[in-house]
Amino acid sequence: MNERAGLDRRQFLKVAGGVVAVVGGLAWAGRVLEPLPAGAVPGAPDLYLGGTDGWMYLPPTPAIPPFHPDVLAPSPLTTYIFGFRNLTGMDDTQKANQKNKAQHSAPLFWVNQFDPAHPVDFTVAVTNLGLALRPDLFDAHTLHWHGFRNVIPFFDGEPSGSVAVRSGREFTYVYRPREPGTYMYHCHVEDTEHVHMGMTGLVFVRPLQDGNTSYYPSGRYLYNDGDGSTGYDREFAMFLSEVWAEAHWADAHIQLPEWSDYRADFSLLNGRVYPDTIAPNGSVDAFNPVHDADGDLVPVPGFEHLKYQPHSSLVTCNAGERVALRFSNLGFREQAMTVAGIRLRVVGRDATLMRGRNGTDTSYQTDTLNIGPGESYDVVFTAPAHQGPGDYDTYMLYNRNYTRSNNLAPSGFGGAATEIRVYASGVTAQAHPNDWGL
Amino acid sequence: MRAPRRATTVAALVTASGLAALSIAPAAADTPPRIGIVCTTGTAGVGDHPVFDLTTTTGYISLPDGNTAFMWGYSSRFDSFQHPGPVLCANEGDTVTVILHNTLPEAASIVFPGQADVLANGTPARPQLNGSGVMTSLTNTASANGGTVTYSFVATAPGTYLYESGTNPEKQVRMGLFGALIVRPAVGADHAYNRPDSQFTPSEEFMVLLSEIDPFQHQAVEQGLSFNMNNYHPRYWLINGRGFPDSIADNYASWLPTQPYGSLASVLPYDATSHPYPGLARYLNVGTEDFPFHPHGNNGLVIGRDGRPLESPTGQDLSFEKFAINIGPGQTWDVLFKWYDAEGYDPVTNPVPVTVPSLANQEIGVFYSGSPYLGSTQTMPPGIQTLNQCGEYYIISHNHALFQLTSWGTNMTGPITYMRINPPTPNNCG
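Going down the list, the protein sequences come from chains A and B. Position 285 (the first sequence) corresponds to 285 in this note's numbering; numbering is contiguous. So the number in this note's numbering is just where the residue sits in the second sequence, counting from 1, plus 1000.
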């Protein structure tokens, strides 16, 4: 490829004129896009992720002997994981230092829809830092953007159909995200293991309609709806995953689990279980990452046990605001995510606006989202009036399968659960998704 | 096409590579296609009155971990055992007759979910009750050891359906007494429904029949022992009766003599003039829980479920795109799909906007051509072999309940298949 490096490929491009072909009138009324040039620039990627192993925290009691908590875990952590870390902007030493410092869930990131008028590629470099606890494994890693349409195998991250990243190497994935909505990403190498071990996160695409305040005052939307029906004031990503303690223990102890025995001991929301889900965010703005001098994550004071689980799930909003929740599920079981006391409107599923091919509105209201493995749901709700007493009213968001909103304890909430706090006023604008604005 | 005769066609059809070669040309009469749905269109009867003879048989299937499972099955006419049952294809409006010949040591039957006014031996098919008024079968049975029953119905609604045993189904369906029924619409066999927007490319019609196996249940049946369903726990999950990598072998692959149906999807890229219509995947779930099937790289447009198009009473389109086809037990979903070369990457005129690392620095997949570009190949480093033929793309589809991608301990098997995207013709795939 080096011989092509100096080539200005714009002069070679076949620009087809942005034809939207609906052939035969009815053959395929879905989106059809023509190839367009993009202003890709070799150099620093937009994001730089590292794949490695590490440890995270789940409530140590009740124990699941001998698997949980893992006796090898450095206190206060409990559970061996594989995961991604955001290495963007780090020097080589800092990057190398992040071996054995994986996080879960993987860094949340987002990107603007590819704009043919201002074509810019979005690039994510992935390096493989190796597995500190399992040097006997020489597993490669990849980045699979789950749901990305019409991808070529080279950028799909499915290792049999293309290539994977060996330890010490790196690979840059290039995306032109042409379809807004909520997606997820994960390593696809031996993906039963690497997905379950935690190399999973949420990614979403902002629509081109963003910035247009004529449909909704905030000018922020989930989709190119043309009518403001997906407009919102605040957005929160809700990434669902699971931990089968035996499988995590097995990887730490050079064992293999029997996957057909799978069970979800812990159900996680953004990589944590309730009440940790309502603890503050760590460094969660993927494009303004915060790390210490060594490159390590910086825990929120008082929440040192969540150092490698930086994503909060607490929803904060003012009464009357429209709130968007983006759900993706990379657990292995269906999740029944319920909000008590607030109706949700499902406006998107699997990065698709809820419209039939002739524009028929297929959105619907519900209390409970049954989200299968590999599915995503985009919902909006309007925060009800503040009732008090107190600064905020609390509504619960939880897995209605109560064995999944539980930390195996005889009583008490846990698992995939969080709170929605509705204030009368005073919650400030979000600096980034999942920002509390407090 | 008449019911295929396996013995006479296998030798001519199967390559030894284990990877299906391209076959775009329509198969000749009486020759089942190597890839795509193998229709059985009636073993007797005339015109719009097809007759299917189905015989219950026993046999074994091969599983990816090297194990075998004892199975029951429906076979066409009086052929030897196959799994799953033959894909019955009929046309809208046909009066379909299915004669069940039962060789099993217990009564067996067939129910046709989605079909109305089914007759059994000329009278309305009914749940069978014993002397105490307790149901013993969901429908009329063929008695054990040689009994026969004749079902008939008018195939009024086009779509994809299951047929399966209605007798002790927790045992007989699990043992393999199931298959697919396809009813083609009056408007033409290249449509899923009578809606114009359901047209598809006939050479790109595929079946995704998802099932599961608890080996202890099968062992108990083989040994004539009872099996406590409280202990039911699947250890294998299959697609079209096979687990990966068998799943991508040709239809009627010689090394899978009782599992005739492959699930490799072989397609050409969307092209406005030369290839305007999508492919059609007919999903069926005969398992006990939802199977979230995930086709990479192309969203499925779900246009029908359970043999009914997704439309409102006034004809408004209610179809929806999905990247996870989360299909429930007993459901069928009809899904249009295509792959579109969205960026048109080309090694000369439009290279991928990234420095391509040396192959020696990458972990190379067994289906990779060595090149990012459709239709291009690159010499592999020494010691690396590829199954790629002509720079075609392979994009995976798999169940995303990932713990089910196993065969009782052999990981990365089970319900996995691939979409093979062939370079635009002419190409070097032959």
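Ideal Cβ positions, reconstructed from N, Cα and C, are used throughout, including at glycine.
Going by the CB atoms, is the gap between residue j and residue i shorter than 8 Å?
{"i": "B/L1181", "j": "B/Y1163", "result": "yes"}
{"i": "A/H248", "j": "A/M197", "result": "yes"}
{"i": "A/L131", "j": "A/A252", "result": "no"}
{"i": "B/T1057", "j": "B/S1076", "result": "no"}
{"i": "B/S1319", "j": "A/R357", "result": "yes"}
{"i": "A/N281", "j": "A/S328", "result": "no"}
{"i": "B/L1210", "j": "B/G1307", "result": "no"}
{"i": "B/H1296", "j": "A/D191", "result": "no"}
{"i": "B/V1208", "j": "B/I1248", "result": "no"}
{"i": "B/H1398", "j": "B/L1387", "result": "no"}
{"i": "A/T230", "j": "A/L222", "result": "yes"}
{"i": "A/A183", "j": "A/S376", "result": "Sequence inspection shows Tyr at residue 183 of chain A; the Ala mentioned does not correspond to that position. Yes; because the gap between Cβ atoms is below 8 Å, this pair is in contact."}
{"i": "B/G1122", "j": "B/D1048", "result": "no"}
{"i": "A/D378", "j": "A/V339", "result": "no"}
Does any CB atom of chain A fall closer than 8 Å to the CB of residue i?
{"i": "B/W1408", "result": "yes"}
{"i": "B/A1021", "result": "For B/A1021, the pLDDT reaches just 39, beneath the cut-off of 50, and the residue's location in the model is therefore unreliable, leaving the point undetermined."}
{"i": "B/Q1316", "result": "yes"}
{"i": "B/S1312", "result": "yes"}
{"i": "B/A1265", "result": "no"}
{"i": "B/Y1283", "result": "no"}
{"i": "B/M1412", "result": "yes"}
{"i": "B/E1205", "result": "no"}
{"i": "B/P1381", "result": "no"}
{"i": "B/Y1193", "result": "no"}
{"i": "B/Q1331", "result": "no"}
{"i": "B/P1292", "result": "yes"}
{"i": "B/H1083", "result": "no"}
{"i": "B/N1067", "result": "no"}
{"i": "B/V1366", "result": "yes"}
{"i": "B/G1375", "result": "no"}
Which stretch, first to last residue, makes up the alpha helix (DSSP H) that contains residue i?
{"i": "A/V195", "result": "D191 to H196"}
Count the other CB atoms, across all protein chains shown, that sit within 10 Å of the CB of residue i; report buried if there are 16 or more and exposed otherwise.
{"i": "B/R1126", "result": "exposed"}
{"i": "B/N1411", "result": "buried"}
{"i": "A/Y364", "result": "exposed"}
{"i": "B/A1027", "result": "At B/A1027 the pLDDT is 35, less than 50, meaning the model places this residue with poor confidence; the figure from the coordinates comes in the next sentence. By the neighbour-count rule (16 or more Cβ atoms within 10 Å), B/A1027 is buried."}
{"i": "A/F148", "result": "buried"}
{"i": "A/A429", "result": "exposed"}
{"i": "A/E304", "result": "exposed"}
{"i": "A/M354", "result": "buried"}
{"i": "A/L33", "result": "Per-residue confidence for A/L33 stands at a pLDDT of 42, beneath the threshold of 50, marking its modelled position as unreliable; the derived number appears in the next sentence. Buried is the call here."}
{"i": "B/E1321", "result": "buried"}
{"i": "B/Q1259", "result": "buried"}
Flag residue i as yes if its beta-carbon sits less than 8 Å from any beta-carbon of chain B, otherwise no.
{"i": "A/V174", "result": "yes"}
{"i": "A/A383", "result": "no"}
{"i": "A/R149", "result": "yes"}
{"i": "A/V126", "result": "no"}
{"i": "A/F332", "result": "yes"}
{"i": "A/T352", "result": "yes"}
{"i": "A/Y402", "result": "no"}
{"i": "A/N358", "result": "yes"}
{"i": "A/T192", "result": "yes"}
{"i": "A/W259", "result": "yes"}
{"i": "A/G372", "result": "yes"}
{"i": "A/T441", "result": "Lying outside 1 to 438, the shown extent of chain A, residue 441 of chain A is not represented and no answer is given."}
{"i": "A/V32", "result": "Low confidence applies here, because A/V32 scores a pLDDT of 42, under 50, leaving its location unreliable and the question unanswered by this model."}
Where do the ends of the beta strand (DSSP E) carrying residue i lie?
{"i": "B/V1208", "result": "E1205 to I1213"}
{"i": "A/D378", "result": "S376 to T382"}
{"i": "B/D1334", "result": "T1332 to F1337"}
{"i": "B/Q1404", "result": "B/Q1404 -> no beta strand (DSSP E), and no H or E assigned at all."}
{"i": "B/E1363", "result": "Q1362 to I1364"}
{"i": "B/S1397", "result": "Y1393 to N1399"}
Can you pull the chain E neighbours of residue i, defined as C-beta to C-beta under 7 Å?
{"i": "A/F154", "result": "The structure shown contains no chain E; its protein chains are A and B."}
For the ligand HEM, I want to know if residue i counts as a neighbour, meaning its beta carbon is within less than 7 Å of at least one of the ligand's heavy atoms.
{"i": "A/G89", "result": "As for the ligand HEM, it is missing from this structure, which has no ligand bound."}
Exercise. In chain order, which continuous runs of the beta strand (DSSP E) of length 3 or greater are located wholly inside the region 244 to 291 of chain A?
Worked result: 266 to 269
Exercise. At what residue ranges does the region 89 to 170 of chain A contain a whole run of the alpha helix (DSSP H), taking only runs of 4 or more?
Worked result: 92 to 97
Exercise. Which residue spans inside the region 1266 to 1323 of chain B form an unbroken beta strand (DSSP E) run of at least 3?
Worked result: 1279 to 1285, 1291 to 1295, 1300 to 1305 and 1320 to 1322
Exercise. Which runs of the beta strand (DSSP E) spanning at least 3 residues fall entirely within the region 1135 to 1175 of chain B, listed in chain order?
Worked result: 1135 to 1137, 1148 to 1154 and 1159 to 1164
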